[in-house]
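Here's the structure we're looking at; comments come further down.
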Amino acid sequence: MPFDDLHDYVQFLAKRNDLRIVKEEVNPDLELTQILSEEERIGSSHTLVFENVKGSKIPATGNLFSTREKMLAILGDEPANIGERLRNLTRMPDQSESMISRGFEMWRELGGVRPKIAGSMPGGYKELETVDLSRYPITKTWPQDAGKFITLPVVITKNPVTGARNAGMYRMQVFDNETTGMHWHIHKGGSSHFLAQGKKEMDVAVVIGCDPLTMFSAVAPLPEFLDEFSFVGLIGKKRMELAKGVTVDLEYPRNAEIVLEGYIDPAETRTEGPFGDHTGYYSLEDEFPVFHIKKVIERDGAMYPTTIVGKLWHEDVVIGKAVERMFLPLIQMQFPEIVDLNTMEEAVFHDMVVVSIKKRYPGHAKKMMFAMWSFGQLMFSKIVLVVDDDINVHDRKQVIWALGTRVDPERDVLIVPGTLTDTLDHASPIINYGSKMGIDATRKTAAEGYNRKWPDVLEMSEEVAKKVKERWSKLGL
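Residue numbering for the sequence shown follows the numbering used here, starting at 71 and increasing by one per position.
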C-alpha cells in the first residue's frame with residue numbers, strides 16, 4: 071500500500087508542504103471543525119494537525135482527503151485505472167479462455183491480496199487499563215449536533231453465518247466514556263450482520279486512525295465477493311496485516327492508531343442525533359444500536375483523525391468523485407451502452423445522477439433509469455437524468471441545455487412511487503421509502519411517438535473551422 075499508517079501519510083504531506091501544524095489551543099466543540107471547514111472553503115485544503123486540543127493530550131488531524139492530489143497519492147493511481155483493474159478482475163472469460171481457467175485466474179489474483187493474520191498488535195501498542203473516551207479530542211461539528219461524534223471510524227463486524235468480514239464507516243455519537251451510538255443504515259453491511267445476529271450480542275471492533283487507503287475502503291461500494299481489507303491489498307499491491315482481537319472474535323489492522331473493542335446488544339437502542347450531515351441539513355434523531363466498549367488499545371503517540379461534512383466544499387466530495395470514477399468501469403461492464411455518468415455533488419451524489427448513453431432503440435433511456443435504480447449504491451439515486459452521448463455529463467451547461475431542449479415533461483418524465491430512498495433523504499414522506507424520478511433528455515424518434523423532424527444541432531463545417539484555426543495568428547486576435 072502507498073502508506074504504512076496514518077503517521078507515514080502525514081509525514082508525506084509535510085514533505086510536500088501540504089500540512090499545517092496548529093499549535094494554539096483549539097476547542098473540539100465546533101471551533102476545530104470550523105477551522106477545517108474554512109480551510110477547505112477558501113480553497114487552501116491543507117491537512118491540519120492540532121497539537122493542543124482543549125481537554126486532550128492527543129493531537130487531532132483533519133482534511134486528510136481534501137484534494138484530488140491527495141486521493142491520487144492515497145490510491146497510488148488514477149481512480150479510473152483502478153476501475154479498469156477491477157473490471158479485468160471480474161470479467162467473464164473471452165473466447166480464448168474457459169470458465170474454469172478464468173476462475174483459477176481470478177482465484178490467484180484474489181488469493182494474493184487477502185490479508186494476513188499476524189497475531190497480536192506489534193510493539194509500541196498498549197492496552198489501556200480503563201475505557202475513557204474523554205481522553206480523545208472527539209469533536210462536536212455543528213451547533214445543533216446532539217453531542218460529540220466520532221466521524222472517521224472503521225467499524226469491523228462479521229457475518230455470524232458465513233464469517234464474511236465487513237468494514238464500514240458509520241458515525242458514532244458519544245453517550246458517555248464507555249458507550250456510543252452506532253449509526254448504520256438498514257442497507258449497509260454492518261447492519262445486515264447485526265440483523266443476522268438475531269438475539270445474540272455481536273462483537274464489534276472500531277479502528278480510529280489507520281492508513282488512509284483503509285479508511286477509503288470503508289466507504290467504497292465494493293462488490294460482494296471483495297471485502298474491504300482484500301480491496302486494500304489489491305489497490306495497494308501489498309497484503310494487509312491484521313491482528314486478532316483481545317476480547318472480540320474479530321481482526322483489525324495492525325497499523326491502527328486507536329482500537330475500541332466491544333459489543334452491541336440487539337435488544338438495546340438509544341436515541342441518536344441530530345447530526346449535521348453531508349446533505350447540508352441535520353439528520354434528525356432516531357433509534358440506533360448502542361456500542362459498549364470493553365477494551366481500548368492505543369498506539370504510542372497516537373493521532374486522532376476527524377472530518378466535517380456539510381455543504382458542497384468538504385472532503386467527502388473528493389472521496390465521492392474518486393468512488394464514481396473508480397466504479398464506472400464496473401457499471402459499464404454490466405451496461406456497455408453507458409458512455410459516462412456524473413453523480414452530482416450539488417445533489418449530494420445520491421439525489422441525482424446524469425448518465426450518457428449510446429441510444430440504440432425506443433425506450434432505451436427508460437431502461438437505463440431502471441438499470442441505475444437496480445445497481446449497487448446507485449439504487450439510492452432519487453433522480454436519474456439520461457442524455458445522449460454528445461452531451462458531456464460533467465458540463466453543467468450542456469446538461470441543462472439537453473434538459474431544456476430535449477424534454478417534453480408529459481412524455482419524458484417518469485415518476486416511480488413506492489421505492490426505497492436513502493435514509494438521509496428528509497424530503498421523502500417516510501424514512502427509507504418514497505419515490506423516484508427519471509428524465510429522458512435524449513433525442514426522440516418516430517418509434518417513440520415523435521412525429522416531427524428532429525432538428526440538427528448547430529455545428530460549423532470542419533473545413534471552415536480548420537481554415538479559421540490556421541489563420542488565427544494572422545487575424546490580429
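We treat Cβ as the ideally placed atom computed from N, Cα and C, and that holds for glycine.
This one's a predicted model, so the numbers in the text were calculated from it and none came from an experiment.
Residue state for Y240 is assigned as coil, using DSSP reduced to three classes. Within the DSSP secondary-structure output, P323 pairs in a beta bridge with L312. Around the beta carbon of M252, a 10 Å sphere encloses 16 or more other beta carbons of the protein chains shown; the residue is thus reported as buried. Under DSSP, G504 forms a beta bridge with T489.
The region 80 to 91 makes no contact with the region 100 to 108; the number of CB pairs closer than 8 Å stays below 3.
When the beta-carbon positions are compared, Y333 and H362 come within less than 8 Å of each other. About 7 Å separates the Cβ atoms of K314 and I187, confirming a contact at the 8 Å cut-off. I427 places its beta carbon less than 8 Å from that of I408. 8 Å or more divides the Cβ of A372 from the Cβ of E331. For A275, same chain residues with a beta-carbon under 6 Å away, outside a window of 5 residues either side, are I226, G315, V318, L320, Y322, E331 in chain order. Residue range 422 to 427 is occupied by the beta strand (DSSP E) that includes V424, with no alpha helix (DSSP H) assigned at that position. Taking the Cα positions, I470 is about 21 Å away from G433. A Cβ-Cβ contact shorter than 8 Å links I220 with R241. Contact check for Q243 against Y352 fails: the beta carbons are separated by 8 Å or more.
Taking the Cα of A130 as reference, the smallest distance to any Cα among H77, K381, R111 is reached at H77.
For H362, the enclosing beta strand (DSSP E) covers residues 356 to 369.
At a Cβ-Cβ threshold of 8 Å, E357 and T339 count as neighbours. Using a Cβ-Cβ distance cut-off of 8 Å, the region 394 to 404 and the region 152 to 160 are in contact, since at least three pairs of beta carbons, one from each stretch, lie closer than that value. Here the C-alpha atom of D74 lies approximately 58 Å from the C-alpha atom of P525. Within the model, the alpha-carbon separation for V457 versus V463 is close to 8 Å. In this structure S543 is exposed. Its beta-carbon is surrounded by fewer than 16 other beta-carbon atoms within 10 angstroms. Using a C-beta cut-off of 8 Å, the region 112 to 130 makes no contact with the region 248 to 262, since fewer than three inter-stretch Cβ pairs fall below that distance. Contact annotation, P185 with L312: C-beta distance approximately 5 Å; criterion of less than 8 Å satisfied. Taking the Cβ atoms as the reference, V119 lies roughly 7 Å from L89, within the contact range of under 8 Å. Residue state for K124 is assigned as coil, using DSSP reduced to three classes.
Taking every protein chain shown into account, the CB of P406 has fewer than 16 other CB atoms within 10 angstroms, so this residue is exposed. For D478 and G488, the gap between their C-alpha atoms comes out near 24 Å. The beta carbon of Y374 sits closer than 6 Å to the beta carbons of I128, A130, Y206, P207 from its chain, once the five residues preceding and following it are set aside; these are given in chain order.
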